[in-house]
Amino acid sequence: MLGKLSHESVIQAPATVAWQLYGGFELARLVENRFSNLIQKIEVVEGDGGEGTVLNLIFPPGVGRFSSFKEKFTRIDNENRIKETEVVEGGFLDIGFTLYRVRLKMVENGDDSCIVESTIEYEIKEEAAANASLVNIQFFIDIAQTENDHLLHNKQPKDA
Numbered sequence: 001m002l003g004k005l006s007h008e009s010v011i012q013a014p015a016t017v018a019w020q021l022y023g024g025f026e027l028a029r030l031v032e033n034r035f036s037n038l039i040q041k042i043e044v045v046e047g048d049g050g051e052g053t054v055l056n057l058i059f060p061p062g063v064g065r066f067s068s069f070k071e072k073f074t075r076i077d078n079e080n081r082i083k084e085t086e087v088v089e090g091g092f093l094d095i096g097f098t099l100y101r102v103r104l105k106m107v108e109n110g111d112d113s114c115i116v117e118s119t120i121e122y123e124i125k126e127e128a129a130a131n132a133s134l135v136n137i138q139f140f141i142d143i144a145q146t147e148n149d150h151l152l153h154n155k156q157p158k159d160a
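Residue 1 is where the sequence shown starts when you use UniProt numbering, and the numbers rise one by one after that.
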């Protein structure tokens, strides 16, 4: 069984600025700091923030369905501002998913804003189809809002 969820969020910053957070480790650091109630720790297992980087996401006890899972940066396209990650160990893979991929894409929306397109694509075994209800795009909507707030709060004056 295949599935897909998507959402678009407006970020009040140019795509080039927003991509600086999304393109490498900065997003993981922001998530770890701002969502400590949902994610206890994000460890770099291997890599430098480019394609092939593997992160271990560790969740607080009693929060959510998983204690941890590893995700791999499978695509980072700086020119088109697209980042894809896939769960490669634990988490969704332990409950019948054969693929759990997140795609984040920055799209220009004028001089001072952009749109982040968040997409989750997944495949799940038929016998585990009920677990598809665990897939939820809300976390990525919250991340986009947090990024927007962060960029607005840390905005540099145009004359600087």
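Even glycine gets a Cβ: it sits at the ideal position worked out from N, Cα and C.
Beta-ladder partner(s) of residue i, from DSSP
i      : result
Lys125 : None, per the DSSP bridge assignment.
Asp77  : Ile82
Ser68  : Ile58
Ser9   : Val116
Val31  : Paired residues: none, contrary to the question.
Leu151 : Partner(s): none; Leu151 has no beta bridge.
Glu89  : Lys70
Identity of the residue in the options nearest residue i by Cα
i           : options                        : result
Lys105      : Ile42, Arg75, Asp142, Lys125   : Arg75
residue 164 : Val63, Ala129, Ser118, Gly62   : As displayed, the chain neither begins before 1 nor continues past 160, which places residue 164 out of reach and without an answer.
Gln138      : His150, Leu2, Glu117, Phe59    : Glu117
Ala15       : Asn131, Cys114, Glu123, Asp149 : Cys114
Endpoints, the beta strand (DSSP E) within which residue i is located
i     : result
Leu98 : Per the sequence presented here, residue 98 reads as Thr, with Leu not at that position. That run of the beta strand (DSSP E) goes 97-108.
Ile42 : 41-46
Start-to-end residues for the alpha helix (DSSP H) that takes in residue i
i     : result
Ala18 : 15-22
Whole-number beta carbon distance between residue j and residue i, since they are thought to touch under 8 Å
i      : j     : result
Asp112 : Gln12 : 7 Å
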